[in-house]
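Novice: Once you've had a glance at the structure underneath, I'll fire off some questions.
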Amino acid sequence: MARLNYIALIVVAMSALMCVFAGDLGLYPSELDDLDVVALLADAAWRQQSDDCFLNKGPCSEEQKYLNDLFREAVRTDCERCTDKQRQIMNTITEWYEQNEADVWKIILEDARA
Numbered sequence: 002m003a004r005l006n007y008i009a010l011i012v013v014a015m016s017a018l019m020c021v022f023a024g025d026l027g028l029y030p031s032e033l034d035d036l037d038v039v040a041l042l043a044d045a046a047w048r049q050q051s052d053d054c055f056l057n058k059g060p061c062s063e064e065q066k067y068l069n070d071l072f073r074e075a076v077r078t079d080c081e082r083c084t085d086k087q088r089q090i091m092n093t094i095t096e097w098y099e100q101n102e103a104d105v106w107k108i109i110l111e112d113a114r115a
């Protein structure tokens with residue numbers, strides 16, 4: 002009986018630890034999952050301002066600064082903290098830039114990894 006209690010205690014402790022570690026994954030906020038990245042990429046003026054902001058060639062809104070910081074980290078960590086939806090968004094961004102503005106994308110990635 003004591004052995005059964007000991008096993009139950011271990012199972013409970015391990016479950017608690019798994020919950021703690023799962024909550025500590027530190028994924029990016031799920032609010033980012035709802036970005037309509039296709040519409041944003043289609044807006045040349047928005048895209049140019051964002052590129053300039055990211056590359057320190059122009060002003061940045063607070064939201065852009067926040068997104069830039071997250072983007073840099075996501076690039077450096079290969080989207081380690083991204084949700085599945087955020088990985089899809091990053092793939093969409095990557096594909097768009099590679100197909101439409103590969104030279105700009107190369108500069109953005111070099112800057113993000115610096």
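Going letter by letter, the sequence shown gives residues 2 to 115 in the numbering used here. Glycine included, C-beta positions come from ideal geometry on N, C-alpha and C.
(1) Is there at least one Cβ from chain C nearer than 7 Å to Gln87's Cβ?
(2) Quick check on Gln89: buried or exposed, where buried means 16 or more other Cβ atoms within 10 Å of its Cβ?
(3) Between the C-alpha atoms of Thr78 and Arg48, what's the straight-line distance to the nearest angstrom?
(4) Quick one: residues in its chain with C-beta nearer than 6 Å to the C-beta of Thr93, no 5 flanking neighbours on either side, listed in chain order?
(5) From this set, Leu36, Ala45, Leu68, which residue's C-alpha is nearest Tyr98's C-alpha?
(6) Where does Ser51 land, buried or exposed, given buried means 16+ other C-beta within 10 angstroms?
(7) Can we count Gln65 as close to the ligand FAD, meaning its CB is less than 6 Å from some heavy atom?
(8) Use the C-beta contact count for Ala115: other C-beta atoms within 10 angstroms, 16 or more gives buried, fewer gives exposed.
(9) State the Cα-Cα distance for the pair Ala23 and Arg82, rounded to the nearest angstrom.
Specialist: With the structure as the only source:
(1) Judged by its chain identifiers, the structure shown contains no chain C, having just a single protein chain.
(2) On the sequence shown, position 88 is the one that residue 89 refers to. Classification for Gln89: exposed.
(3) Taking the first residue of the sequence shown as 1, we reach residue 78 at position 77. Taking the first residue of the sequence shown as 1, we reach residue 48 at position 47. The alpha-carbon atoms of Thr78 and Arg48 are separated by roughly 24 Å.
(4) If you number the sequence shown from 1, residue 93 lands on position 92. Correct list, in chain order: Val38.
(5) Along the sequence shown, one-based indexing puts residue 98 at 97. Checking every option, the nearest Cα to that of Tyr98 belongs to Ala45.
(6) Along the sequence shown, read from residue 1 onward, the residue named residue 51 stands at position 50. Residue burial is scored here from C-beta neighbours: Ser51 has at least 16 other C-beta atoms within 10 angstroms and is therefore classed as buried.
(7) This structure lacks the ligand FAD, and indeed carries no ligand of any kind.
(8) Your numbering for residue 115 matches position 114 in the sequence shown. Label assigned to Ala115: exposed.
(9) Along the sequence shown, read from residue 1 onward, the residue named residue 23 stands at position 22. Along the sequence shown, read from residue 1 onward, the residue named residue 82 stands at position 81. The predicted position of Ala23 is uncertain, since its pLDDT is 41 and thus under 50; a value taken from the coordinates is nonetheless stated next. Going by the C-alpha atoms only, they are around 12 Å apart.
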